[in-house]
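What follows is a set of notes on a single structure, which appears directly below.
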Amino acid sequence: MPVILLAHRPELFESYSSSDNSISPTIVFSGHAHGGQFRIPFMSKGIIAPNQGLFPEYTSGLYKLNNTNMIVSRGLGNSIIHVRTNNSTDLPIIKRDRK
157 MPVILLAHRP
167 ELFESYSSSD
177 NSISPTIVFS
187 GHAHGGQFRI
197 PFMSKGIIAP
207 NQGLFPEYTS
217 GLYKLNNTNM
227 IVSRGLGNSI
237 IHVRTNNSTD
247 LPIIKRDRK
């Protein structure tokens, strides 16, 4: 049976997916990073994110580690700075196939 974790802080992905973790989620849904707030067009990472500092690791998209997948949404809002540059809003729609 899949275990779903809703987690506000994507930078803790390693601890969520750790084999020492009693939860052992199959999938983690996260946000908080605002897509890196500002993005440079030729770079895949954002420039800054809350709790992750400069050039954060987990800002948007799908990440895989051990047996855990994490989907990070860029979200619809902003952080303290009310500007998003080269960083569109994002609201993922997840469709699960029956198997």
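Position 85 (the sequence shown) corresponds to 241 in the numbering used here; numbering is contiguous. Ideal Cβ placement from N, Cα and C applies to all residues, glycine included.
Residue i - DSSP class collapsed to helix/strand/coil
i    : result
F192 : Sequence inspection shows Gly at residue 192; the Phe mentioned does not correspond to that position. Helix, per DSSP.
S171 : helix
Among the options, the one whose alpha carbon lies nearest that of residue i
i    : options                : result
A205 : S229, P248, A189       : A189
V239 : F194, A163, L161, K251 : F194
T241 : E167, D176, M199       : M199
Beta-carbon proximity list for residue i, same chain, < 8 angstroms, skipping 5 on both sides
i    : result
L221 : F169, E170, S173
G217 : I227, V228
Nearest-angstrom Cα separation, counted from residue j out to residue i
i    : j    : result
M226 : I179 : 14 angstroms
G256 : N243 : Residue numbering for the chain in the displayed model covers 157 to 255; residue 256 lies beyond these limits and cannot be assessed.
P197 : N223 : 31 angstroms
Close-in-space but distant-in-sequence residues of the same chain around residue i (CB under 7 angstroms, 5 per side omitted)
i    : result
K201 : G192, F211, P212, T215
L162 : F185
CB contact flag (residue i, residue j, <8 angstroms)
i    : j    : result
I160 : T182 : yes
R165 : N234 : no
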